[in-house]
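Below: the structure, in structure tokens.
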Amino acid sequence: MSYALEVKQLTKTYRNGKQALQGVDLSVPEGSFFALLGPNGAGKSSLINILADTVKPTSGHVTFLGHDLFRERRWCKQHLGVVPQEIAFDPFFNPRDILKIMSGMFGFKPDLKWIDELLERLELSEHAHKNARQLSGGMRRRLLVAQALVHKPKVVILDEPTAGVDVELRKRLWDFMRELNTNGTTILLTTHYLEEAEELCDHVAIIDQGKRLTSQSMKGLLDSVGSSALVLQYAKPMSQQALLTLAQFSPRIDGDKILLCLKKDHSGKNNFNAVYQTAIQVLGEAKSVRIQNEDLEDVFLRITNEKKT
Ligand SMILES: Nc1ncnc2c1ncn2[C@@H]1O[C@H](COP(=O)(O)OP(=O)(O)OP(=O)(O)O)[C@@H](O)[C@H]1O
Ligand SMILES: [Mg+2]
312 MSYALEVKQL TKTYRNGKQA LQGVDLSVPE GSFFALLGPN GAGKSSLINI LADTVKPTSG
372 HVTFLGHDLF RERRWCKQHL GVVPQEIAFD PFFNPRDILK IMSGMFGFKP DLKWIDELLE
432 RLELSEHAHK NARQLSGGMR RRLLVAQALV HKPKVVILDE PTAGVDVELR KRLWDFMREL
492 NTNGTTILLT THYLEEAEEL CDHVAIIDQG KRLTSQSMKG LLDSVGSSAL VLQYAKPMSQ
552 QALLTLAQFS PRIDGDKILL CLKKDHSGKN NFNAVYQTAI QVLGEAKSVR IQNEDLEDVF
612 LRITNEKKT
């Protein structure tokens, strides 16, 4: 498999001593639609800003389409588009001018037809002549996306591209990204909308506290961690000791319920009986029992919580 990005042992320690990245490895297959997920403060933006050359890494290597990202910056910048999390524009230019200027900064003559298409697709055409400071937050975010795409990069990295974008526009923005991906662009993005990540992305990595917890195909993650959970409801709060005893089933507390991971064997049967019997031995009879299918959000919470117990 060829990779658009290969990140090896990347670390970042900020000047205040904060270790935002503690040796992260990440391989993004060429042509993939890759979700980089993690709770607030996990290190996602630190990683993306290093790729975008706005933050200096402390150590590590990154290969971008076979080129050394830190040594061949110019070439890499021409083939990479980044949408940062923070919004920053020169407020005195309008969107169309900003896109023309950006083309020049990437070393290309502005492609006016493509700029018009981008403005249209990102629903900015009617705002194209407005001063950037007159744009709303959602419009600015879309302009940031247009800016990252103006030089038709092979790989696009988006740090929460849909934050602050309303529901309908968000759907259309995702459709546009899906179209770019279908046409061969590799897309790496961060988002806190896990339902959308599950629907769109074919690969996923989860990081927390500067460390990679998992990285694999979306289907692999949803299948491997357990596509369903046994949900037991209790009137009494559960003790920490009980949780430790059930650790093999990756317990997760949700209010008065405990969720235990059901795993499938190779014949496709899950271990319901074993989990249920062990649980009632440890916790006693439950008020209610049911099986719940797990989605990406459940898996995400399980993996990030497992680390804390
Ligand atoms: N310039 C900085 N100086 C010091 N610490 C920083 C700096 N930038 C980020 N951090 C810290 O590094 C850690 C990772 O932050 P980062 O912004 O990479 O997280 P994130 O995963 O993007 O979070 P979010 O989902 O909230 O955007 C956090 O603890 C943050 O406080
Ligand atoms: Mg961030």
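Start counting the sequence shown at 312; every next residue gets the next number (my numbering).
Glycine included, every Cβ here is placed at the ideal spot set by N, Cα and C.
Only a predicted model underlies this, so the values are computations on that prediction, with no experimental measurement involved.
Looking at ligand 1, does it come within less than 7 Å of residue i, judged from the CB to the closest heavy atom?
| i | result |
| --- | --- |
| Lys319 | no |
Residues in its own chain within less than 7 Å of residue i by CB, not counting five upstream and five downstream?
| i | result |
| --- | --- |
| Met488 | Ile498 |
| Met450 | Leu435, His438 |
| Lys598 | Gln544, Tyr545, Ala546 |
| Pro350 | Asp519, Thr615 |
| Ser621 | Residue 621 cannot be examined here, being either before or after the span of the chain that is shown, 312 to 620. |
| Gly342 | Gly495, Thr497 |
| Val586 | Leu541, Phe560, Leu571, Leu573 |
Relative to ligand 2, is the shortest distance from any of its heavy atoms to the C-beta of residue i smaller than 7 Å?
| i | result |
| --- | --- |
| Gln396 | yes |
| Asp470 | yes |
| Lys568 | no |
| Ser539 | no |
Relative to the C-alpha of residue i, which candidate in the options has its C-alpha closest?
| i | options | result |
| --- | --- | --- |
| Ile614 | Phe400, Cys572, Ser578, Glu507 | Cys572 |
| Gly371 | Val478, Leu555, Leu332 | Leu332 |
| Leu429 | Asn442, Val456, Lys355 | Val456 |
| Ala553 | Val515, Thr525, Gly595 | Gly595 |
| Ile602 | Ile591, Glu617, Asn581, Val593 | Asn581 |
| Gln592 | Arg523, Asn327, Leu557, Ile359 | Leu557 |
| Ile398 | Pro340, Thr473, His440, Gly415 | Thr473 |
| Asp427 | Asp379, Phe419, Pro406, Lys441 | Pro406 |
| Val542 | Pro464, Ser526, Phe583 | Phe583 |
| Ala315 | Gly531, Arg481, Pro464, Gln588 | Pro464 |
| Ala549 | Val394, Arg481, Ala590, Val467 | Ala is not the amino acid found at residue 549; the sequence shown has Met there. It is Ala590. |
| Asp567 | Asp364, Glu383, Ser578, Val600 | Val600 |
| Gly392 | Asp470, Asn442, Leu570 | Asp470 |
| Glu383 | Gln445, Lys355, Asp401, Ala363 | Ala363 |
| His503 | Lys522, Asn492, Arg481 | Arg481 |
| Asn442 | Thr525, Val467, Leu410, Lys420 | Leu410 |
| Leu511 | Arg523, Asn492, Gln527 | Asn492 |
| Thr525 | Phe345, Gln445, Ala459, Gln396 | Phe345 |
| Asp565 | Asp609, Gly531, Lys530 | Asp609 |
| Gln320 | Asp576, Gly334, Lys420, Leu433 | Gly334 |
| Thr365 | Gln551, Val394, Asp379, Gly352 | Val394 |
Report all residues from its chain with a CB closer than 8 Å to the CB of residue i; omit the five preceding and five following residues, and keep chain order.
| i | result |
| --- | --- |
| Phe417 | Lys388, Gln389, Val461, His462 |
| Val606 | Before going on, a small fix: residue 606 reads as Asp here, not Val. Here the set comprises Leu505, Glu506, Glu509, Leu533. |
| Phe404 | Ile412, Asn442, Ala443 |
My guess is that residue i and residue j are in contact by the Cβ rule of under 8 Å, so how many angstroms apart are they, rounded?
| i | j | result |
| --- | --- | --- |
| Leu347 | Leu500 | 7 Å |
| Ile517 | Phe611 | 6 Å |
| Val476 | Arg452 | 6 Å |
| Gly354 | Gly521 | 4 Å |
Quick one: what's got a C-beta closer than 6 Å to residue i's C-beta in the same chain, skipping five residues either side?
| i | result |
| --- | --- |
| Glu317 | Ser338, Thr374 |
| Lys323 | Ala331, Leu332, Ser357, Pro368, Thr369 |
| Pro562 | Leu554, Ile569, Leu571 |
| Val466 | Ala315, Leu391, Thr497 |
| Arg432 | Phe487 |
Check each residue's C-beta against every heavy atom of ligand 1 and list, in chain order, those closer than 6 Å. Tyr325, Asn327, Lys329, Ala331, Gly349, Asn351, Gly352, Ala353, Gly354, Lys355, Ser356, Ser357, Gln396
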